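Q: Below you'll find the structure I mean.
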Amino acid sequence: MVEKEWGSLLRDVGLTQAEFAILATLADGATVRQRDLAIHVGSDPRNIVPVVASLTDRGLVEVAPALEDRRVKQIRLSVEGADLLDTVQIMLAPSRAKFFRGLSDAEYDQLCHLLRVVYSSAVSV
18 MVEKEWGSLL RDVGLTQAEF AILATLADGA TVRQRDLAIH VGSDPRNIVP VVASLTDRGL
78 VEVAPALEDR RVKQIRLSVE GADLLDTVQI MLAPSRAKFF RGLSDAEYDQ LCHLLRVVYS
138 SAVSV
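In structure tokens:
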């Protein structure tokens, strides 16, 4: 049920799961090397190239060469990408509320915190 709703929501805004993962990873405003971005979203660095290209073509991310090595690409979320993420969050709110209705706000916040800790430790391995 959740997966079906999520897939439908992403289709409604014109994103794939891989594209959303990249946008969400860049949501904090950081500029990230393309290789590091691939590792963070759990993708082979070669497979992320067409996804980043698609997002760039649509104006959702910006790509620039790194100052220290112009062969290295650095990716950051564009204003349009941030706006789209905001739209997804608004559209997601009813499903999120339904799915997590058994948790208090404090429990939901704690769950999110714990998931971030687990994810961060898994990415750094």
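Take 18 as the starting number for the sequence shown in the working numbering and just add one per residue. Just so you know, even glycine gets a beta-carbon here, dropped at the ideal spot from N, CA and C. This structure is a prediction, so every number in the text was calculated from the model and none was measured.
(1) Suppose contacts are defined by Cβ-Cβ distances below 8 Å. Is SER95 in contact with VAL68 by that definition?
(2) How long is the line joining the alpha carbons of VAL80 and ALA99, rounded to whole angstroms?
(3) With 16 as the cutoff for other CB atoms within 10 Å, does GLU36 come out buried or exposed?
(4) Pick helix, strand or coil for VAL58, following the three-state DSSP scheme.
(5) Under 8 Å, do ALA70 and ASP61 count as touching if we go by C-beta distance?
(6) Do you know whose CA, among ARG118, LEU32 and ASP45, lies nearest VAL105's CA?
(7) Helix, strand or coil for LEU131? Go by DSSP, reduced to three states.
(8) Output the distance between the C-alpha atoms of SER40 and THR48, rounded to the nearest integer angstrom.
(9) Quick check on the DSSP output: the alpha helix (DSSP H) that includes GLU20 runs from which residue to which?
(10) Which value, in whole angstroms, describes the spacing of the CA atoms of GLY76 and LEU43?
(11) How many whole angstroms separate the CB atoms of GLN51 and ILE92, which I take to be in contact at a CB cut-off of 8 Å?
A: A quick look at the data gives this:
(1) Here residue 95 is taken as the residue at index 78 of the sequence shown, counted from 1. Here residue 68 is taken as the residue at index 51 of the sequence shown, counted from 1. No. Outside cutoff.
(2) Here residue 80 refers to the residue found at position 63 when the sequence shown is read from its first residue. Here residue 99 refers to the residue found at position 82 when the sequence shown is read from its first residue. The straight-line gap from Cα to Cα measures roughly 15 Å.
(3) Here the question's residue 36 lines up with position 19 in the sequence shown. By the 10 Å Cβ count, GLU36 comes out buried.
(4) As a first step, residue 58 is located in the sequence shown; it is residue number 41 there, counting from the start. Three-state DSSP puts VAL58 in coil, outside helix and strand.
(5) Working through the sequence shown from its first residue, we reach residue 70 at position 53. Working through the sequence shown from its first residue, we reach residue 61 at position 44. No, the Cβ-Cβ distance between ALA70 and ASP61 is not below 8 Å.
(6) As a working mapping, residue 105 is identified with position 88 in the sequence shown. Looking at the Cα atoms, LEU32 is the closest of the given residues.
(7) In the sequence shown, counting from the first residue as 1, residue 131 sits at position 114. Helix at LEU131.
(8) For the purposes of this step, residue 40 is taken as residue 23 along the sequence shown, with counting starting at 1. For the purposes of this step, residue 48 is taken as residue 31 along the sequence shown, with counting starting at 1. The residue asked about is misnamed: residue 40 is Leu in this sequence, not Ser. Taking the straight line from one Cα to the other gives about 12 Å.
(9) Working through the sequence shown from its first residue, we reach residue 20 at position 3. 19 to 30 is the span of the alpha helix (DSSP H), which, as asked, contains GLU20.
(10) Along the sequence shown, one-based indexing puts residue 76 at 59. Along the sequence shown, one-based indexing puts residue 43 at 26. Whole-angstrom Cα-Cα distance: 14 Å.
(11) Mapped onto the sequence shown, residue 51 falls at position 34. Mapped onto the sequence shown, residue 92 falls at position 75. Right, the Cβ-Cβ distance comes to about 6 Å (below 8 Å), so this counts as a contact.
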